[in-house]
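Undergrad: Could you have a look at this structure, given as structure tokens, before my questions?
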Amino acid sequence: MPPQQDSYDASPSSVRPLLDTFWSSSGWREPPDWPDEQSMRAAVRRGVMFDAPVVLDHGGWVEAARSAAAQISPREVEDAFVSSLTSRRLDLRSALASFLIARALPDHHFTAMRSGRMCAVCGLYSGSAPEDLNVLNFERFKWGGIRRDDITYVAFDLQQFIRAPRREVTPDDRKLGSAVLEILRGLPTETTVAQAPSHLGLLKGNKPERSVLMDILGICGVLDTADHRGYAEGFVRFGDRELPPYRFVDRAYPACWWQASTGINFRAVKNVLPTLS
Ligand SMILES: [Zn+2]
Ligand SMILES: [Zn+2]
């Protein structure tokens, strides 16, 4: 594999072939429609696609997540998150949640759950399987990530964030960030987390993107509940990430538990998004 480039080209035209590989106007492409060899090579050169899968075991992914987080400051991910709200740079929006998870992730050995084959601490399997980074990067650019607390995604997301072209945060970005929190705070009390995104029309982007924003704010603890905490003050073990008992749980833990009557967790805002508090 050639050495990883220092950065990537996040422009819409650069990312387009990645999006088109996995997504069409009617949804997921199954199987993916891979670019021809020449476009693939060009996308790899731009740093947005990957020509070989990564094979790591449980310990390898845990180490990758923890060491990426150690190279990143809280202020960097906060700024990236805030600047994503006006720019719709979803690759920058994703990193805040991944950072909080990886920073809190304890160094640990695979710890089998009583049932199932996943690690009770982090949710990874014990073995190693080839991981296609392209689909992870697609989800990252398309929605800001959808495998919110999957340590494989978390590690990949942070490795990409380290080389991500950043944007300067403007006063308009901060104004918009504060406005989003203000709207969430003021929602009618019966509003569910599934309904909240339709109140965020001031944000550029579509409903799935705004729904993923709920997931990210959940991980931050901004949209958590007293019984189901986010990660800002400590790691939540995989075995403790309870999901509600309804049939369709679209949102990640702990945002899935949130509703407007819970209110915004201002301690978490102060902790994780201090420039918006
Ligand atoms: Zn584990
Ligand atoms: Zn519970």
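The opening position of the sequence shown corresponds to residue 0 in numbering that gives the first Met the number 0, with each subsequent residue numbered one higher.
Glycine residues also receive a C-beta, built at the ideal position from the N, C-alpha and C atoms.
1. Give me, in chain order, the residues of the same chain whose beta-carbon lies closer than 8 angstroms to that of K269; leave out the 5 immediate sequence neighbours on both sides.
2. Can you tell me which of I150, R146, L222 puts its alpha carbon nearest to the alpha carbon of E181?
3. Can you tell which of V168, P170, S210, A154 has the C-alpha that lies nearest to the C-alpha of L183?
4. Helix, strand or coil, according to DSSP, for G26 in the structure here?
5. State yes or no: is the C-beta of C255 nearer than 7 angstroms to some heavy atom of ligand 1?
6. So H227 packs on Y124, CB below 8 angstroms; how close in whole Å?
7. For a quick check, are the C-beta atoms of L84 and L175 less than 8 angstroms apart?
8. With 16 as the cutoff for other CB atoms within 10 Å, does A111 come out buried or exposed?
9. Can you list, in chain order, the residues of its chain whose CB lies under 7 angstroms from that of M0, leaving out five sequence neighbours each side?
10. Can you have a look at L216 and say buried or exposed, based on whether 16 or more other CB atoms are within 10 angstroms of its CB?
11. For I161, I'd like the list of residues in its chain whose CB is within less than 8 angstroms of its CB, leaving aside the five on either flank, ordered along the chain.
12. Looking only at its chain, what residues have a beta carbon closer than 7 angstroms to the beta carbon of R173, apart from the 5 residues adjacent to it on each side?
13. Can you tell me which of N264, V134, W142 puts its alpha carbon nearest to the alpha carbon of T20?
14. Find out if the Cβ-Cβ distance for the pair F237, M117 is shorter than 8 angstroms.
TA: Let's see:
1. Counting from one through the sequence shown, the residue named residue 269 turns up at place 270. The residues are S276.
2. Taking the first residue of the sequence shown as position 1, residue 181 is located at position 182. Per the Cα distances, L222.
3. Position 184 of the sequence shown, counted from the start, is the residue given in the question as residue 183. Check the Cα spacing between L183 and each of V168, P170, S210, A154: the tightest is with S210.
4. The count along the sequence shown starts at 1 and reaches residue 26 at position 27. Note: G26 maps to strand in three-state DSSP.
5. The sequence position of residue 255 within the sequence shown is 256, counting from 1. C255: no, Cβ never under 7 angstroms from ligand 1.
6. Reading the sequence shown from its first residue, position 228 is the one you call residue 227. Reading the sequence shown from its first residue, position 125 is the one you call residue 124. That belief does not hold up - the Cβ atoms of H227 and Y124 are roughly 24 angstroms apart, past 8 angstroms.
7. Start at 1 with the first residue of the sequence shown, and residue 84 comes out as number 85. Start at 1 with the first residue of the sequence shown, and residue 175 comes out as number 176. Yes, these two residues count as a Cβ contact at 8 angstroms.
8. To locate residue 111, count along the sequence shown from 1; it is residue 112. It is exposed - the Cβ of A111 has fewer than 16 other Cβ atoms within 10 Å.
9. Here residue 0 is taken as the residue at index 1 of the sequence shown, counted from 1. Low per-residue confidence applies at M0: pLDDT is 43, beneath 50, and the placement is therefore not dependable enough to give any value.
10. Your numbering for residue 216 matches position 217 in the sequence shown. Classification of L216: buried, given that the 10 Å Cβ count is 16 or more.
11. Within the sequence shown, the letter at position 162 stands for residue 161. Correct list, in chain order: A67, Q70, I71.
12. The sequence position of residue 173 within the sequence shown is 174, counting from 1. So the qualifying residues of the chain are V81, T274, L275.
13. Stepping through the sequence shown from its first residue, residue 20 is reached at position 21. Minimum Cα distance to T20 is reached at V134.
14. Here the question's residue 237 lines up with position 238 in the sequence shown. Here the question's residue 117 lines up with position 118 in the sequence shown. Yes. Within cutoff.
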